[in-house]
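Structure first, commentary second.
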Amino acid sequence: MVNVVALARAGHLPPALAVTTLSTILAATGDVAPAIVVALAVAVLSGQLVVGWTNDLIDRDTDMAVHRTDKPLVVGTVTRQAVVTATIVAAVVCIVASLLCGVAAGTVHLVAGVGAALAYNLGVKRTIFSWVPYLLAFGSVPIAVGLASRTGDLPPAWVVAMAALLGVGAHLLNVFPDLDDDAVTGMSGLPHRLGHRRIPAIAAALLVGATVIGVVATQRGSWQWVVLGVVVVVAAVCTRAPGRAPFYATMLIAGIDLAIIVIR
């Protein structure tokens, strides 16, 4: 009997749900048909699970070397075969659901979104270019949503820029708690080269920069400047918090930025 909870943890379910929720809201508040919104939500969630499961499968040996007891594959609460099977099923679902959003939108999601993330898992994360897959994956979300809309229009460049900056910030803060463990296994991506001292400030600047772009591009009222102030505080405080709090702060700021885009 497969431990469903452990399988979900191996798929990094919380961040997967966060990304799926934000993507779905962006589509639902745009000119996207309801059926396509559902297909897009399924495509994003299944794609995120594929990325999470492949990450833990590829990193299993290194995770065991540093005793990552938070990893189900390390502690044995889920088997490798169960994760492999789930990954294959999710990959098929992702491909079908992505293409149901339209060939153009589906291709963008599969290549720039899921494909870039898989490239990260397969080795890009060990290079100075580790930030590129995150930039592509996050930046591709509004593009895929735009192409999936009834008009098929591309989003404004500033929306893509906001998403891309959020992606790079998310990368830095997602890796931040694991820097010590990664040092043992020889990881040398961009966050590892920046180190503990520089990541919080750089990540905060990226997150605030994304919001500034949205505020300047829309300029719909003084409330946006208040929101920008909130983002500055959240970024300054949460990027230095322990554990996964900084990454979830990124998702919170992404939600705030989404509100700026939707209400513009």
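Sequential numbering of the sequence shown, starting at 129, is according to the numbering used here.
From the three backbone atoms N, C-alpha and C, an ideal C-beta is built for every residue, glycine too.
Check	Outcome
Own chain, CB closer than 6 angstroms to Ile256, minus 5 neighbours either side, in chain order	Leu318
Euclidean distance between Cα positions of Ala109 and Leu227	Since the first residue of the chain shown is 129 and the last is 392, residue 109 is not available in this structure.
Option in Leu141, Val147 and Ile388 with minimal Cα separation from Gly267	Val147
DSSP state of Leu282 mapped onto helix, strand, coil	coil
C-beta atoms of Val296 and Ser151 nearer than 8 angstroms	no
Residue span of the alpha helix (DSSP H) that contains Pro370, given as start and end	Per DSSP, Pro370 belongs to no alpha helix (DSSP H) and is neither H nor E.
Close-in-space but distant-in-sequence residues of the same chain around Gly371 (CB under 8 angstroms, 5 per side omitted)	Pro305
Rounded straight-line distance, which links the Cα of Ile164 to that of Met379	23 angstroms
Cβ-based burial, Ala244 [other Cβ within 10 Å; buried from 16]	buried
Within 8 angstroms, strictly: CB atoms of Ile341 and Ala289	yes
heavy atom of the ligand GDP below 7 angstroms from Gly314 C-beta	Among the ligands in the structure shown, none appear at all, so the ligand GDP cannot be discussed.
Beta carbon of Asp310 nearer than 8 angstroms to that of His324	no
Test item: CB-CB of Trp181 and Gly139 under 8 angstroms	yes
Pick from Leu282, Ala167, Ser258 and Ala291 that is closest to Leu386, judged by C-alpha positions	Ala291
Sub-8 angstroms separation of Ala402 and Val336 beta-carbons	Residue 402 falls outside the range modelled here, since the chain spans only 129 to 392, and no answer is possible.
With 16 other Cβ atoms within 10 Å as the buried cut-off, status of Asp281	exposed
Neighbour-count burial assignment, Met192, 16 or more Cβ in a 10 Å radius	exposed
Limits of the unbroken alpha helix (DSSP H) element including Phe266	Trp259 to Ala276
DSSP-derived helix/strand/coil call for Ser316	coil
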